[in-house]
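Participant: These protein sequence lines map, in sequence, to chains A and B. Going by our numbering, the first residue of the first sequence is number 13, and it counts up by one from there. Going by our numbering, the first residue of the second sequence is number 7, and it counts up by one from there. From the three backbone atoms N, C-alpha and C, an ideal C-beta is built for every residue, glycine too. Quick one: the structure is below, questions incoming.
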Amino acid sequence: DQQVKQNSPSLSVQEGRISILNCDYTNSMFDYFLWYKKYPAEGPTFLISISSIKDKNEDGRFTVFLNKSAKHLSLHIVPSQPGDSAVYFCAARGGNEKLTFGTGTRLTIIP
Amino acid sequence: NAGVTQTPKFQVLKTGQSMTLQCAQDMNHNSMYWYRQDPGMGLRLIYYSASEGTTDKGEVPNGYNVSRLNKREFSLRLESAAPSQTSVYFCASSLTLAGGTYEQFFGPGTRLTVL
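As structure tokens, this is what we get:
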């Protein structure tokens, strides 16, 4: 039973446009959500996070939106740059500070 | 400040061999984790440790043991490796800041192949 889902395995976006990555979850007890970026042969690196008591968090080009009623979060990257090409994972925190990860979305920015 | 370090970076084992993956963090975090990443599966939690001296099973603990040697170090042991354990293994550590912000940081990974 996958509690965190990223239904789009891949996404291609033109450089300069907005990239929108989506994530759905089923467990209403999740209280914190994070987005990670991963390049090949490297560990995931933290991008941005949001508490369940908020609906938006912004950091430079990255904005995360949380819709609790729909159990949905999204990551917006604007403008998209070639260096943003990577695999993006969303993760949700449950009890004991454990994270549950989605399966990832491969983002390709087209120059 | 090296963050989270893992050794080795690569390892090839034969079925039945044993090995220990090492992890250390220099951020004074209480919680540490071991994950495995398989194609199309995301990261799955193997074991975690909320503090020195405590460990708990995650989603996929079978075939693994862990040891939280001290606050800095958390090792993962494969007693009798199986081809199903071929994967990339990531160690992580985390803390919750005053105000509730939560951060979890990852090491560079160990790519393990079991023949």
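Can you give me the C-alpha to C-alpha distance between A/Ile65 and A/Ser40, rounded to a whole angstrom?
Facilitator: Cα to Cα, A/Ile65 sits roughly 12 Å from A/Ser40.
Participant: Taking 7 Å as the CB-CB cut-off, is A/Phe113 touching chain B?
Facilitator: At least one chain B Cβ lies under 7 Å of A/Phe113.
Participant: Is there a Cβ from chain A that is less than 7 Å from the Cβ of B/Pro114?
Facilitator: So yes, B/Pro114 belongs to the interface.
Participant: Ignore the nearest five residues each way along the sequence and tell me which others in B/Lys63's own chain have a CB closer than 7 Å to its CB.
Facilitator: Result list for B/Lys63: Tyr53, in chain order.
Participant: Under 7 Å between the Cβ atoms of B/Val72 and B/Thr60?
Facilitator: The answer is no: Cβ separation not under 7 Å.
Participant: Using CA coordinates, which residue listed in B/Ala56, B/Ser86, B/Gln12, B/Pro67 is at the minimum distance from B/Arg74?
Facilitator: Comparing Cα positions, the closest option is B/Ala56.
Participant: Measure the C-alpha to C-alpha separation of B/Val120 and B/Tyr95 and round it to an integer number of angstroms.
Facilitator: Rounded to the nearest angstrom, the two C-alpha atoms are 13 Å apart.
Participant: Decide yes or no for the touch test of the region 30 to 41 of chain B against the region 74 to 89 of chain B: beta carbon pairs closer than 8 Å, at least 3 of them.
Facilitator: Result yes; three or more Cβ-Cβ pairs closer than 8 Å.
Participant: Span of the beta strand (DSSP E) holding B/Glu109?
Facilitator: Its beta strand (DSSP E) spans residues 108 to 112.
Participant: What first and last residue would you give for the beta strand (DSSP E) that runs through A/His88?
Facilitator: Taken as a continuous stretch (DSSP letters only), the beta strand (DSSP E) holding A/His88 covers 84 to 89.
Participant: Comparing C-alpha positions only, which one of A/Glu54, A/Glu109, A/Ile62 sits nearest to A/Asn79?
Facilitator: Considering only alpha carbons, the answer is A/Ile62.
Participant: Using 8 Å for Cβ pairs, my map puts A/Lys68 next to A/Phe77. What's the rounded Cβ distance?
Facilitator: With 8 Å as the limit, A/Lys68 and A/Phe77 qualify as a contact, their Cβ atoms being about 6 Å apart.
Participant: In the DSSP assignment, what are the bridge partners of B/Asn71?
Facilitator: Answer is B/Arg83.
Participant: Taking all protein chains shown into account, do 16 or more other C-beta atoms lie within 10 angstroms of the C-beta of B/Leu103, making it buried, or fewer, making it exposed?
Facilitator: The residue is exposed, with fewer than 16 neighbouring Cβ atoms inside 10 Å.
Participant: Does DSSP put A/Asn69 in a helix, a strand or coil?
Facilitator: In the structure shown, A/Asn69 sits in a strand (DSSP, three-state: E or B).
Participant: Determine, using beta carbons only, whether A/Glu70 comes closer than 7 Å to chain B.
Facilitator: It does not: the Cβ of A/Glu70 has no partner Cβ on chain B nearer than 7 Å.
Participant: If you count every other CB in all the chains shown that lies within 10 Å of the CB of B/Arg42, and 16 or more means buried, which is it?
Facilitator: B/Arg42 is buried by the Cβ-count criterion.
Participant: Does the beta carbon of A/Pro56 come closer than 7 Å to any beta carbon on chain B?
Facilitator: True, the Cβ-Cβ gap to chain B drops below 7 Å.
Participant: When the distance is taken between beta carbons, is B/Ser93 closer than 7 Å to B/Gly22?
Facilitator: Not in contact: B/Gly22 and B/Ser93 (Cβ atoms no closer than 7 Å).
Participant: With a threshold of 6 Å on Cβ separation, who are the neighbours of A/Val99 within its own chain once the five nearest residues in sequence on each side are excluded?
Facilitator: If we look at A/Val99 and ignore the five residues flanking it on each side, its Cβ neighbours are Lys50, Gly116, Arg118.
Participant: Can you give me the C-alpha to C-alpha distance between A/Thr75 and A/Ile60, rounded to a whole angstrom?
Facilitator: If I take the Cα positions, the gap works out to 8 Å.
Participant: Using the beta-carbon of each residue, which ones in chain A are nearer than 9 Å to B/Gly64?
Facilitator: Correct list: Lys110.
Participant: Count the other CB atoms within 10 Å of the CB of A/Ile30; is the residue buried (16 or more) or exposed (fewer)?
Facilitator: Exposed is the call here.
Participant: Helix, strand or coil for B/Gln12 per DSSP?
Facilitator: Note: B/Gln12 maps to strand in three-state DSSP.
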